[in-house]
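*Asks:*
Residue numbers (our numbering), protein chains in the order written: chain R, 1 to 98; chain A, 99 to 489.
1) With a cut-off of 7 Å, does the C-beta of residue 51(R) fall near any C-beta of chain A?
2) In whole angstroms, what is the alpha-carbon distance linking residue 171(A) and residue 162(A)?
3) Is the CB-CB distance between residue 131(A) and residue 226(A) below 7 Å?
4) Kindly indicate which residue of 261(A), 477(A), 148(A) has the alpha-carbon position closest to the one of residue 299(A).
5) If we cut at 7 Å on Cβ distances, does residue 18(R) have a partner in chain A?
6) Could you please give me the residues that DSSP links to residue 390(A) through a beta bridge?
7) Let me know the secondary structure DSSP gives residue 199(A) once reduced to three states.
8) Hey, could you find the ends of the alpha helix (DSSP H) residue 118(A) is sitting in?
9) For the alpha helix (DSSP H) that contains residue 71(R), what are its first and last residues?
10) What number of angstroms, rounded off, separates the C-alpha of residue 95(R) from the C-alpha of residue 424(A)?
11) So, are the CB atoms of residue 340(A) and residue 368(A) less than 7 Å apart?
12) Just confirm the distance between the C-beta atoms of residue 485(A) and residue 455(A), as a whole number of angstroms; I'd bet it's less than 8 Å.
13) Looking at the C-beta of residue 42(R), does it have a partner C-beta in chain A at a distance below 7 Å?
14) Can you list the residues of chain R that residue 159(A) reaches, using a CB-CB cut of under 7 Å?
15) Do residue 314(A) and residue 301(A) come within 7 Å of each other at the CB atom, strictly closer than that value?
16) Could you pull the start and end residues of the alpha helix (DSSP H) that residue 401(A) belongs to?
17) Please look up how many angstroms separate the CB atoms of residue 14(R) and residue 23(R), rounded, as I've assumed it's under 8 Å.
18) Please report the distance separating the alpha-carbon of residue 100(R) from that of residue 82(R).
19) Per DSSP, what are the beta-bridge partners of residue 130(A) in this structure?
20) If we call anything under 7 Å between Cβ atoms a contact, is residue 349(A) one with residue 337(A)?
21) Do residue 323(A) and residue 317(A) have their C-beta atoms closer together than 7 Å?
22) Does the beta-carbon of residue 73(R) have 16 or more other beta-carbons within 10 angstroms, so that it is buried, or is it exposed?
23) Give every residue of the same chain whose Cβ lies closer than 6 Å to the Cβ of residue 361(A), excluding the five residues on either side of it in the sequence, and list them in chain order.
24) Leaving out five residues before and five after residue 452(A) in sequence, what residues of the same chain have Cβ atoms less than 8 Å from its Cβ?
25) At which residues does the beta strand (DSSP E) containing residue 262(A) begin and terminate?
26) Can you tell which of 259(A), 414(A), 279(A) has its C-alpha closest to the C-alpha of residue 199(A)?
27) Report yes if the C-beta distance between residue 209(A) and residue 271(A) is below 7 Å; otherwise report no.
28) Using only alpha-carbon positions, find the residue among 387(A), 434(A), 137(A), 471(A) that is nearest to residue 404(A).
29) So, at 7 Å on beta carbons, what are the nonlocal neighbours of residue 87(A) in its own chain, with the 5 sequence-adjacent residues on each side left out?
30) If the cut is a Cβ gap below 7 Å, which residues of chain A does residue 36(R) touch?
31) Less than 7 Å between CB atoms is the rule here; does residue 156(A) satisfy it with respect to chain R?
32) Fully enclosed by the stretch 290-329 of chain A, which beta strand (DSSP E) runs are 3 residues long or longer?
33) So the candidates are 168(A), 215(A), 158(A); which of them puts its Cα closest to the Cα of residue 544(A)?
34) Residue 415(A): buried (16+ other C-beta within 10 angstroms of its C-beta) or exposed?
35) Residue 190(A) and residue 252(A) look like a contact to me (Cβ under 8 Å); what is the Cβ gap, rounded to whole Å?
36) Work out the CA separation of residue 419(A) and residue 51(A) for me, nearest whole Å.
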């Protein structure tokens with residue numbers, strides 16, 4: 001079970017409180033976790049990554065285990081603590097003023 | 099008694115203001131979609147309780163919301179797993195430019211600020227225009243400029259690529275606010291005819307339901323572009339039409355207030371005695387097709403009312419002769435702006451007129467502009483105001 005903590009605006013869109021928990025097939029990577037997230041919460045399609053290119057939106061970041069993993073390859077394994085559910089993957093809206 | 103519902107889009111959410119036909123006491127609902135930019139909210143003429151909202155964010159992109167109960171509850175159409183297999187049946191937030199060969203000339207670039215060609219990049223929906231005769235059909239004007247349509251109540255959107263594919267597309271370029279398609283006018287007498295306007299390209303018309311388009315900018319004169327009389331490149335801010343005279347259009351351009359009486363084949367200036375003819379909104383009285391309203395601001399470099407006085411100007415002659423409307427509006431130290439989609443009229447008698455400001459006020463006049471009062475004073479900056487007149 002993968003734990004994902006969404007930013008407040010996306011929790012509102014998805015109508016969830018706190019973390020979401022996802023079953024992910026195969027290795028836990030950015031791509032597989034986001035695939036599972038969007039399959040469970042279709043209203044989030046396009047909000048974290050582009051509909052077509054599947055690239056991370058520029059003001060969205062991924063943090064895990066105290067590290068910014070936003071620039072890791074999308075098919076690279078996420079930290080073991082995220083894969084085994086002991087730590088959440090944080091989806092962060094970048095601080096951008098206003 | 100009739101009821102009035104104002105749909106107000108702001109920088110930080112949507113608000114719904116309601117009153118009975120006297121238009122004296124208002125209830126405020128909101129913020130809906132708190133914290134998001136709401137560029138536009140508009141109701142279906144076929145089913146007034148069906149509302150569509152454009153919800154956008156620099157962080158999280160574009161979301162289309164729909165209400166089927168007049169704004170009490172909202173859903174993302176097609177946003178839930180609704181097929182027997184549990185997969186989504188719609189992609190309501192997906193706006194993808196049509197690059198198929200079937201459209202004739204799918205474009206990939208337009209002119210950029212520095213004169214080079216730049217790829218079309220979807221940013222947001224500026225304006226939603228529900229169909230006059232089908233509650234599931236809505237047109238969306240987007241940035242970078244293009245026209246999209248849904249025919250399934252917002253679950254999926256498809257580009258009417260003939261507009262972007264017209265010969266002039268590579269010459270379009272963004273204005274200071276981006277290259278946005280901000281105005282969509284549907285001709286009530288001819289379902290094949292539509293008008294749209296783009297900053298900074300100009301006005302365009304289709305006579306075949308959106309398959310093909312051509313620029314209708316003859317008579318516009320813009321000194322800020324290399325050829326002031328060019329076919330495209332004009333920064334049109336807003337166009338308005340009275341439904342009883344769909345071939346007469348009124349335009350607030352970057353500078354100049356214009357009108358056409360031949361569906362855009364030729365325009366003439368009607369700025370007349372306005373103190374400045376720069377501005378954004380323009381609208382037409384609900385019952386008097388020759389009565390029009392503008393809110394002039396000082397200039398393109400000073401986006402606020404001249405002399406700190408918020409004044410609406412009304413012409414009962416279809417332009418040229420303008421009277422000043424100030425009663426109830428601040429006449430000192432006022433430096434707000436009124437954006438292009440932030441003025442609207444109701445269809446009661448006398449006609450009510452409303453506008454919102456970048457300072458967060460929404461003003462209303464229940465008597466066609468003679469007297470004004472603030473309905474709310476402290477909303478976030480207002481991006482759009484639409485009115486529904488309900489039975």
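Just so you know, even glycine gets a beta-carbon here, dropped at the ideal spot from N, CA and C.
*Replies:* The structure says:
1) As a working mapping, residue 51(R) is identified with position 51 in the first chain. Output row for residue 51(R): interface = yes.
2) For the purposes of this step, residue 171(A) is identified with residue 73 of the second chain, where counting begins at 1. For the purposes of this step, residue 162(A) is identified with residue 64 of the second chain, where counting begins at 1. Whole-angstrom Cα-Cα distance: 14 Å.
3) Sequence index remark: in the second chain, residue 131(A) carries index 33 (1-based). Sequence index remark: in the second chain, residue 226(A) carries index 128 (1-based). In this structure, residue 226(A) does not lie closer than 7 Å to residue 131(A) by Cβ.
4) Your numbering for residue 299(A) matches position 201 in the second chain. Nearest C-alpha to residue 299(A): 261(A).
5) Counting from one through the first chain, the residue named residue 18(R) turns up at place 18. Under the Cβ criterion of 7 Å, residue 18(R) is not counted among the residues facing chain A.
6) By 1-based counting over the second chain, the position of residue 390(A) is 292. In the DSSP output, where bridge partners are listed per residue, residue 390(A) has 382(A), 413(A).
7) As a working mapping, residue 199(A) is identified with position 101 in the second chain. Residue 199(A) falls in the helix class under three-state DSSP.
8) Taking the second chain and counting its residues from 1, the one referred to as residue 118(A) is at position 20. First-last for residue 118(A): 111-118, but that is the beta strand (DSSP E), not the alpha helix (DSSP H).
9) Working through the first chain from its first residue, we reach residue 71(R) at position 71. In the DSSP annotation of this structure, residue 71(R) is not part of any alpha helix (DSSP H), being labelled neither H nor E.
10) Residue 95(R) sits at position 95 when you count from the first residue of the first chain. Residue 424(A) sits at position 326 when you count from the first residue of the second chain. Using only the alpha carbons, I get a separation of about 42 Å.
11) Counting from one through the second chain, the residue named residue 340(A) turns up at place 242. Counting from one through the second chain, the residue named residue 368(A) turns up at place 270. No, the Cβ-Cβ distance between residue 340(A) and residue 368(A) is not below 7 Å.
12) Sequence index remark: in the second chain, residue 485(A) carries index 387 (1-based). Sequence index remark: in the second chain, residue 455(A) carries index 357 (1-based). The pair is not a contact, with the Cβ atoms about 16 Å apart (cut-off 8 Å).
13) Locating residue 42(R) in the first chain gives position 42, counting from the first residue. True, the Cβ-Cβ gap to chain A drops below 7 Å.
14) Walking along the second chain from the start, residue 159(A) turns up at place 61. The contacting residues are 46, 47, 57.
15) The residue you call residue 301(A) lines up with position 203 of the second chain. The residue you call residue 314(A) lines up with position 216 of the second chain. Yes. Within cutoff.
16) The residue given as residue 401(A) occupies position 303 in the second chain. For residue 401(A), no alpha helix (DSSP H) segment is defined, and its DSSP state is neither H nor E.
17) Counting from 1 along the first chain, the entry for residue 14(R) is found at position 14. Counting from 1 along the first chain, the entry for residue 23(R) is found at position 23. About 16 Å; that fails the 8 Å criterion.
18) What the structure shows of chain R is the stretch from 1 to 98, and residue 100(R) is not part of that stretch, so it cannot be assessed.
19) Here residue 130(A) is taken as the residue at index 32 of the second chain, counted from 1. DSSP output for residue 130(A) lists 112(A) as bridge partner(s).
20) Locating residue 349(A) in the second chain gives position 251, counting from the first residue. Locating residue 337(A) in the second chain gives position 239, counting from the first residue. Taking 7 Å as the Cβ cut-off, residue 349(A) and residue 337(A) qualify as a contacting pair.
21) Walking along the second chain from the start, residue 323(A) turns up at place 225. Walking along the second chain from the start, residue 317(A) turns up at place 219. No, Cβ-Cβ distance for residue 323(A) and residue 317(A) is not below 7 Å.
22) Taking the first chain and counting its residues from 1, one reaches residue 73(R) at position 73. Answer is exposed; the Cβ neighbour count stays below 16.
23) Residue mapping note: residue 361(A) aligns to position 263 of the second chain, counting from 1. Around residue 361(A): 345.
24) Working through the second chain from its first residue, we reach residue 452(A) at position 354. Cβ within range, chain order: 104, 441, 442, 443, 444, 460, 461, 462, 463, 473, 483, 485.
25) What you label residue 262(A) is simply residue 164 of the second chain in a count that begins at 1. For residue 262(A), no beta strand (DSSP E) encloses it; the enclosing alpha helix (DSSP H) starts and ends at 259-262.
26) Here residue 199(A) corresponds to residue number 101 of the second chain, with the count starting at 1. Of the candidates 259(A), 414(A), 279(A), the one whose C-alpha sits nearest the C-alpha of residue 199(A) is 259(A).
27) Start at 1 with the first residue of the second chain, and residue 209(A) comes out as number 111. Start at 1 with the first residue of the second chain, and residue 271(A) comes out as number 173. Yes. Within cutoff.
28) Walking along the second chain from the start, residue 404(A) turns up at place 306. Considering only alpha carbons, the answer is 434(A).
29) What is shown of chain A runs 99 to 489, which leaves residue 87(A) out entirely.
30) As a position in the first chain, residue 36(R) is number 36, starting the count at 1. Residues of chain A passing the Cβ test: none, with the nearest at roughly 13 Å.
31) As a first step, residue 156(A) is located in the second chain; it is residue number 58 there, counting from the start. By this cut-off, residue 156(A) is an interface position.
32) 292-297, 300-304
33) The structure shown has nothing for residue 544(A), since chain A only spans 99 to 489.
34) Stepping through the second chain from its first residue, residue 415(A) is reached at position 317. When all chains shown are included, residue 415(A) counts as exposed.
35) In the second chain, the residue the question calls residue 190(A) occupies position 92. In the second chain, the residue the question calls residue 252(A) occupies position 154. Confirmed, about 5 Å.
36) Since the first and last residues shown for chain A are 99 and 489, residue 51(A) lies out of range.
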